[in-house]
Amino acid sequence: MSVIPFDFSAIPLFRSLLILYAGLFCAQLSAADEEQTRAALNKKFDERVAPYLKSFCMDCHGTDLQEAKLDLSLFKSTHDVSDAHGLWEIVLTRLEAGEMPPEDSEPVPSQEETTEIIEWIHALRTFDANQNAGDPGVVLARRLSNAEYNNSIRDITKVDIRPTRSFPVDPANEAGFDNSGESLAMSPALLKKYLEAAREVSEHLVLSPSGLSFAPHPAITDTDRDKYCVKRIVSFYKSQPTDLADYFFACWKFKFQQQAGSSIEDFARQSGLSPKYTKTLWELLSVDEEIGPVATLQKRFHAIPQMAEEKVVRTECQRIRDDITHIRSQLVFKFDNLEIREVHKGAQPFVLWKNEQYATHRRKLNENALFQEGETFPKGTPKELILPNDPEQKERHLAKLREFCSLFPDAFYISERGRDYLDVPKAQQEKGRLLSAGFHSMMGYFRDDSPLYELMLSEQQQRELDSLWEELDFVAFAPKRQYEGFLWFERTDSRYMRDPQFDFARPENKASASEAMIQKLSEVYLEKAKRNGGTDVPLKAIEDYFQNINRQIRWVESERIKSEPAHLRDLLVFANHAWRRKLSDPERADLTQFYQMLRNEEHLSHEDAVRHTMVTILMSPHFLFRMDMASTGEGTRPLTGTELASRLSYFLWSSTPDEKLIEAFTSSVDPHENSKLVSQQVRRMLKDEKVEGLAYEFFANWLDIRRFEEHNSVDRNRYPEFTNELRAAMFEEPIHLFISLIKNDGSLLELLDTRSTFVNPVLAKHYGMDDLKFQGDEWIHLPDATKYGRGGLLPMSVFLTKNSPGLRTSPVKRGNWVVRRLLGERVPPPPPNIPELPEDESQLEDVSLRELLAKHRDNKSCASCHDKIDSIGLAFEGFGPVGEKREQDLNGRTVELDVVYPNGFKGEGVEGLHQYLTQHRQQEFIENFCRKLLTFALGRRLTLSDEGLIVKMQEQLQTNDYRIAPVIETIVISPQFLTKHGGEFLVREP
4 MSVIPFDFSA IPLFRSLLIL YAGLFCAQLS AADEEQTRAA LNKKFDERVA PYLKSFCMDC
64 HGTDLQEAKL DLSLFKSTHD VSDAHGLWEI VLTRLEAGEM PPEDSEPVPS QEETTEIIEW
124 IHALRTFDAN QNAGDPGVVL ARRLSNAEYN NSIRDITKVD IRPTRSFPVD PANEAGFDNS
184 GESLAMSPAL LKKYLEAARE VSEHLVLSPS GLSFAPHPAI TDTDRDKYCV KRIVSFYKSQ
244 PTDLADYFFA CWKFKFQQQA GSSIEDFARQ SGLSPKYTKT LWELLSVDEE IGPVATLQKR
304 FHAIPQMAEE KVVRTECQRI RDDITHIRSQ LVFKFDNLEI REVHKGAQPF VLWKNEQYAT
364 HRRKLNENAL FQEGETFPKG TPKELILPND PEQKERHLAK LREFCSLFPD AFYISERGRD
424 YLDVPKAQQE KGRLLSAGFH SMMGYFRDDS PLYELMLSEQ QQRELDSLWE ELDFVAFAPK
484 RQYEGFLWFE RTDSRYMRDP QFDFARPENK ASASEAMIQK LSEVYLEKAK RNGGTDVPLK
544 AIEDYFQNIN RQIRWVESER IKSEPAHLRD LLVFANHAWR RKLSDPERAD LTQFYQMLRN
604 EEHLSHEDAV RHTMVTILMS PHFLFRMDMA STGEGTRPLT GTELASRLSY FLWSSTPDEK
664 LIEAFTSSVD PHENSKLVSQ QVRRMLKDEK VEGLAYEFFA NWLDIRRFEE HNSVDRNRYP
724 EFTNELRAAM FEEPIHLFIS LIKNDGSLLE LLDTRSTFVN PVLAKHYGMD DLKFQGDEWI
784 HLPDATKYGR GGLLPMSVFL TKNSPGLRTS PVKRGNWVVR RLLGERVPPP PPNIPELPED
844 ESQLEDVSLR ELLAKHRDNK SCASCHDKID SIGLAFEGFG PVGEKREQDL NGRTVELDVV
904 YPNGFKGEGV EGLHQYLTQH RQQEFIENFC RKLLTFALGR RLTLSDEGLI VKMQEQLQTN
964 DYRIAPVIET IVISPQFLTK HGGEFLVREP
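Numbered per this note's numbering, the sequence shown spans residues 4 to 993.
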């Protein structure tokens, strides 16, 4: 046999082609041919392989000595080798790399002899692979990983609670991922953690009139519920565009840029403004007025030229707005406090009456603030506030002022209110009392948003705002708590109710808020007020107060009872989402009966029973475990639609499937017979924001940076710039790049050879990108970062920092990271008793790190590994311990960047490494990516039967310009992904 020359850098491609061609051949073998092939393999083992092992391997790996714990004397037949392909893959790798037998061994096999053994191993692997091609393998049912649990809770509650933050770190499998049954076991201690997590989730539950929702914080206490409801209302207010300058600017643009067929409402929507208010303002500006403030602003608006720059126009619109605000501020009403002897001026009836006066006058004209011609008026009074003496002109002027005030209210809404009854100017009142009614030491809210509601909101927005205010009363039980505060205040600060006739009305008496008791107190309270000289207006305010508070309390009580069926309905819907499938009728009945038992036998309240039932749902194996992986019985079967939806979503999102995915796979169309349907869902999912789960759980674990945000080996005294913010930014940089590739259907090769990257202000400062401009903490895409020495994975600081000891660089660790993580090459751990390099580079005296490594490689036991990794690691020496660019090391020596790689290729720095990897080792990178992605997707270690699929994945990459989406589709339509062992069902789906 002639000697076959090997280019070891091309071995993975050679191996893949062997498997491919042999696979195509073996797929067509008849039973007789199969037996003939097996006999030939057995014969070759007896005649060539066994003698080779005996002559060249047994001295180190035999009965007497087992270096690296390898005993090859156990392999006496082809069958023995077939049962240990994992071990023989390592043997194959070492033979192909020329590392076995070692050069100093005696005797030494010829190249022809070693090549023959390599070919035999490949042939046997190919033969065995095709015997079970497409086998789904053993995938253990397992619990959710911490990340999967957090993401699933986020997606079924719509709130990012992250209840596993105090859990122990999930152990990784041998491939570096924490999504396989071999690493994700359940223990009693962990089960207790899950119970605590489920209870924490239930504490975020909010029961509203329409159903169930979740707060971003616990919603158990009254103050928690207040915060949740108030924040939602205030957020709604703040989301409404109420800046008048924006409306004038939009009207100006519409005046000169309107297109045929477009309306002012359409233009407003495109501008993010209220179509309703924009139309009203446009109509006002389109009708010429002769007098009043409207005529003034019309003239100013129409004086803005068409050709003016937008910046100039915006400035003028802001001036118009400011002038309107100034005029309007002169026309605000002022209401005095109500008074009755002994009644506190801060009493709820009086404060609420005063609030109501302001609220109902926001769009009205305060004629008392106007002046008559000839009168003395303050300097600077707007001329629009001076009325003519002629009665007819005066009435016309008043009409225009009323129109002006109606369109431009003194406020569109009030989101905070101090204690106005103290007669302190509003600018000096307490801040931060959001939606407050303005009581003293009493909770209570007051809605004041009529101008916004009437002028700006659509009907749908009006319903939404009404619902938010109803939720405040319902969720926080605000009316009853407000009334209890009233009873307390009137017996303490006010002293009005200290008389004996009021003793029946005490806040500690639960019956005090009943309709009968409120009616009784109303009569007694009013009777005393009349005796104390109360006049009509304050007496009416007291009467209205008791009627309104009683109506509000009764509404909440009634709605709480009426809403119970809706809560139970949503609880079962929640269970559907949590269990990732539709519940069966018996399961629905069991949960309902459990709730009823809690109510009837345990005497829990409706809310407590709902929370307890939710905990039960989250503690079920149907949520905690990946039941889509579980099965029993013999043989294999296709995944059901819901099983496939779960498997796909936990692959691409590390989270629960959404309704679209479940609906697609459980409809009348069988996903197993329709690969186009599966591909469509894959494409949709890769565009979704939840694909960040793939970035964090696959990509970050593959590259060994998943826990970098906890990285603390950097000496912060030496590197004070390494802050928590910088560490987080370092971690996010590759995540942004990977997500961009996924969403834009980019090429896998861009990870190595792209010039682009993503930075935020913190990272840009670290990288010396002082010329970049940011808005806040945003991340921006740099299409070409090479002028800063960045671009692609290799020069990212997260990898450089992660693989540095802290006070120096580590060419060994950095090179090892490239070889193992990017290229997938197995590098054995260093032998014991190897002396460590100095921890601090600045303490090196006469030699550099490069020179120390060269001496280290003089040791033959070290050279076999270090020859592979040191040159790659030295290419990174232009970057310091935290990934900063540098020209000198920490001892002041000029950094040398010239590198000679294992195959003789010469390069300089990271750019030279980039050339070496893309020109000579690209196929290794591609194959390693495919193996890692398939391992992650299947949730198990790879077996020999997966080799054909790995070849197909590589083919898809090469055929589709190395785009990632097609290779993902190849996985999810494979038998390995679509089927599982066990022909029987553990869970029968409805």
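Quick reminder that beta carbons are idealized off the backbone N, C-alpha and C, glycines included.
Ignore the nearest five residues each way along the sequence and tell me which others in residue i's own chain have a CB closer than 6 Å to its CB.
i: SER977; result: LEU952
i: PHE9; result: Reliability of the predicted coordinates at PHE9 is poor, the pLDDT of 34 falling under 50, and the value obtained from them is presented with this limitation in mind. Excluding residues within five positions, none has a Cβ falling inside 6 Å.
i: ASP181; result: SER148, ASP173, ALA175
i: ASN963; result: PRO969
i: PRO385; result: ILE330
i: ILE875; result: GLY818, VAL821
Please report the residue range of the alpha helix (DSSP H) in which residue i lies.
i: VAL1018; result: Since the first residue shown for the chain is 4 and the last is 993, residue 1018 is missing from the structure and cannot be characterised.
i: PHE597; result: 588-603
i: HIS984; result: That residue, HIS984, is in no alpha helix (DSSP H); its beta strand (DSSP E) goes 982-984.
i: VAL315; result: 313-332
i: THR495; result: Looking at the DSSP string, THR495 is not in any alpha helix (DSSP H), and its letter there is neither H nor E.
i: GLY951; result: 950-962
i: ARG128; result: 114-134
i: LEU405; result: Residue 405 is actually Arg in this sequence, not Leu. Counting along the chain, the alpha helix (DSSP H) containing ARG405 begins and ends at 394-410.
i: ASP225; result: 225-242
i: VAL142; result: Looking at the DSSP string, VAL142 is not in any alpha helix (DSSP H), and its letter there is neither H nor E.
i: ASN358; result: 351-363
i: LYS367; result: Per DSSP, LYS367 belongs to no alpha helix (DSSP H) and is neither H nor E.
i: GLY895; result: Unbroken run through GLY895: none, as it is neither H nor E.
i: TYR965; result: Segment: none, TYR965 is in no alpha helix (DSSP H) and carries neither H nor E.
i: ALA532; result: 518-534
Start and end of the beta strand (DSSP E) containing residue i?
i: GLU911; result: 909-911
i: SER561; result: SER561 -> not in any beta strand (DSSP E); alpha helix (DSSP H) instead, spanning 539-582.
i: LEU215; result: 214-217
i: ASP901; result: 901-903
Write down the C-beta distance between residue i and residue j rounded to the nearest angstrom, noting that I regard them as a contact closer than 8 Å.
i: SER623; j: ASN154; result: About 18 Å; that fails the 8 Å criterion.
i: ARG629; j: ARG145; result: 6 Å
i: THR645; j: ILE665; result: 6 Å
i: TYR424; j: VAL354; result: 6 Å
i: ALA532; j: MET520; result: Their Cβ separation, rounded to whole angstroms, is 18 Å, which puts ALA532 and MET520 out of contact at 8 Å.
i: LEU373; j: LEU388; result: 5 Å
i: VAL694; j: PRO737; result: Not really, about 15 Å apart at Cβ, beyond 8 Å.
i: PHE489; j: MET445; result: 7 Å
i: LEU936; j: ASP949; result: Incorrect: roughly 12 Å between the Cβ atoms, too far for contact.
i: VAL237; j: SER418; result: 5 Å
Take the Cβ of residue i as the centre, count every other Cβ of all protein chains shown within 10 Å, and call the residue buried at 16 or more, exposed below.
i: LEU75; result: buried
i: MET189; result: exposed
i: LYS241; result: exposed
i: LEU942; result: According to the sequence shown, residue 942 is Gly rather than Leu. With 16 or more other Cβ atoms within 10 Å, it is buried.
i: GLN925; result: buried
i: ASP163; result: exposed
i: GLU462; result: exposed
Output needed for residue i: all residues of its chain with C-beta closer than 8 Å, excluding positions within five of it in sequence on either side, in chain order.
i: LYS805; result: ASP707, ILE708, PHE711, HIS714, TRP820
i: TRP285; result: CYS254, PHE257, ILE267
i: ASP611; result: LEU601
i: GLY214; result: SER566, ALA569, HIS570, ARG572, ASP573
i: HIS305; result: LEU288
Please work out which residues of its chain come closer than 7 Å, Cβ to Cβ, to residue i, disregarding the five sequence neighbours upstream and downstream, and give them in chain order.
i: LEU960; result: LEU751, ILE929, VAL970
i: THR117; result: LEU98
i: GLY1; result: Residue numbering for the chain in the displayed model covers 4 to 993; residue 1 lies beyond these limits and cannot be assessed.
i: TYR456; result: GLN465, LEU468
i: THR914; result: It is Glu, not Thr, that sits at residue 914 in the sequence shown. The answer is none, since no qualifying residue turns up.
Examine chain C for any beta-carbon lying closer than 9 Å to the beta-carbon of residue i, and answer yes or no.
i: VAL427; result: This model lacks chain C altogether, as it is built from one protein chain only.
4-residue-minimum alpha helix (DSSP H) runs that sit fully inside the segment 266-291, ordered along the chain: 267-273, 278-289
Any alpha helix (DSSP H) of 4 or more consecutive residues that is wholly inside the segment 753-834: 753-756, 764-769, 800-805, 814-820
Runs of alpha helix (DSSP H) wholly within the segment 633-702 (minimum 4 residues, chain order): 644-655, 662-669, 678-690
Within the segment 425-472, ranges of the alpha helix (DSSP H) (whole runs, at least 4 residues): 453-458
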